[in-house]
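Step one of this worksheet: look at the structure below.
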Amino acid sequence: MGEKLERVEHTATELESVVFGGLEEVKQNAADLDSRFIRLEELVTGSMQALRDDIEGMKARFTAMEEDITLVKRASANADAAGGTNFGKVELPNQTVQR
Numbered sequence: 180m181g182e183k184l185e186r187v188e189h190t191a192t193e194l195e196s197v198v199f200g201g202l203e204e205v206k207q208n209a210a211d212l213d214s215r216f217i218r219l220e221e222l223v224t225g226s227m228q229a230l231r232d233d234i235e236g237m238k239a240r241f242t243a244m245e246e247d248i249t250l251v252k253r254a255s256a257n258a259d260a261a262g263g264t265n266f267g268k269v270e271l272p273n274q275t276v277q278r
């Protein structure tokens, strides 16, 4: 009977060791995942800010282009009103789309 009790105690001790070892591994994995998540979150946040900055830059360029177009329209209207000055044709190079 004493021998069986010793085997059971030994088995329980081994199981306890395995369980605690597994818990430590789970804790380490959770810490690693948390660290990875933080880095991913920082990467996504930085990328989103860069995208916002790019969009703001595009808005500014579009606003400037709209102002330029308005000036060209006014100049064209003024030229027509002043005597119908004919502006020459502007030929643009043919742009081919590569696929």
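Residue numbers (the working numbering): 180 to 278. Each residue gets a CB set at the ideal place from its N, CA and C atoms; glycine is no exception. Keep in mind that this is a model prediction, so the values were computed, not measured.
As assigned by DSSP and simplified to three states, the class of residue i
i	result
M180	coil
T356	Lying outside 180 to 278, the shown extent of the chain, residue 356 is not represented and no answer is given.
N273	coil
A261	coil
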